[in-house]
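Take the sequence shown: its letters are residues 191 to 299, numbered as in our numbering. Quick reminder that beta carbons are idealized off the backbone N, C-alpha and C, glycines included.
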Amino acid sequence: MQTEFEFILPKGYVDEDGIVHRKGVMRLSRAIDEIVPLRDPRVKSNPAYATVIILSRVIVRLGALEDISTVVIEELFACDLNYLQQFYRKINDLEIETESLQKLETRGT
191 MQTEFEFILP
201 KGYVDEDGIV
211 HRKGVMRLSR
221 AIDEIVPLRD
231 PRVKSNPAYA
241 TVIILSRVIV
251 RLGALEDIST
261 VVIEELFACD
271 LNYLQQFYRK
281 INDLEIETES
291 LQKLETRGT
């Protein structure tokens, strides 16, 4: 079973030396990856911050960086953050296709 997936960010993370990091690897999420952020005070004051914490936990490499902190995620361009959110949902099978959803709804009636 494949547990890690490569990606390429649309723009890339620019580090303090001006180096752009676009290629990365994301692993499949575990339940704990979505539980831990709920305990974080930053999430309690801003629930949207859970995304930042989750992505920092599941991205195992971004360019030459192997320690992906919340600061790295915070400094991504908006289009890269959006890309990673979509990629996360895709590899973790969190998207139900419209057709599948319609079939489920039809069965319920």
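Excluding residues up to 5 positions away in sequence, Gln275 lie with their Cβ nearer than 7 Å to the Cβ of Thr241 in the same chain. The residue among Tyr273, Asp283 and Arg220 with its C-alpha nearest the C-alpha of Pro200 is Tyr273. Using a C-beta cut-off of 8 Å, the region 215-223 makes contact with the region 243-257, since at least three inter-stretch Cβ pairs fall below that distance.
Taking one beta carbon from each stretch, the region 254-267 and the region 201-211 have 3 or more pairs nearer than 8 Å; the two touch. Here the C-alpha atom of Leu228 lies approximately 15 Å from the C-alpha atom of Thr260. Counting of Cβ neighbours within 10 angstroms places Ile209 among the exposed residues, the total staying below 16. Between the beta-carbon of Arg212 and that of Gly253 there is about 7 Å, and that keeps the pair under the 8 Å contact cut.
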